[in-house]
Structures are given as C-alpha cells and as structure tokens.
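Input: a single structure, listed below in structure tokens.
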Amino acid sequence: MEIIQKYSPYICLIIFTLTTIIICNFINHNLKQKINLIEKEIDTFRQDTKSNFKKINEKIDKLINQNKESE
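The sequence shown runs 671 to 741 under the numbering used here.
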C-alpha cells in the first residue's frame with residue numbers, strides 16, 4: 671500500500687499525459703480528414719471554373735469569328 675501511495679502522483683501524471691496525447695492525436699486526425707475534404711472541394715471547384723471559362727472563351731471566339739465573317 672505504501673508503494674501505491676508513494677508513486678500515485680507519478681502514475682496520475684503518466685495517465686494524464688497519455689490521455690492528453692491520445693486526445694491530441696484524435697483531434698489532429700479529424701482535422702486532417704476535414705482538410706482533405708476541403709482540398710477535394712477546392713479541386714472540384716477549380717476544375718469546374720476552368721471548364722466554364724474555357725466554354726466562355728470558345729463562345730467569345732465564335733462570336734468574334736461570326737462578326738469577322740459578317741464584315
């Protein structure tokens with residue numbers, strides 16, 4: 671019993687430290703997952719935007735060509 675009382679503060683400190691590390695790792699993992707989802711959404715948005723601008727440029731080129739032909 672004396673041994674347990676003697677080392678009790680150290681045991682509590684070790685348990686607290688391990689618990690803190692586990693919680694931090696869990697939070698870090700969740701944040702990484704959220705960041706990955708956001709990066710995927712950003713990539714999708716970039717692709718959509720690029721495609722839309724390409725379509726707009728094609729339409730502008732067609733209009734310019736039509737205007738040149740009508741002159």
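A virtual CB, placed ideally from N, CA and C, is assigned to each residue, including glycine.
In whole angstroms, give me the CA-to-CA distance for residue i and residue j.
| i | j | result |
| --- | --- | --- |
| threonine 714 | lysine 720 | 10 Å |
| aspartate 718 | asparagine 706 | 18 Å |
| isoleucine 726 | glutamate 709 | 26 Å |
| glutamate 728 | lysine 704 | 36 Å |
At a threshold of 6 Å, does residue i count as lining the ligand ZN (C-beta to nearest heavy atom)?
| i | result |
| --- | --- |
| isoleucine 681 | As for the ligand ZN, it is missing from this structure, which has no ligand bound. |
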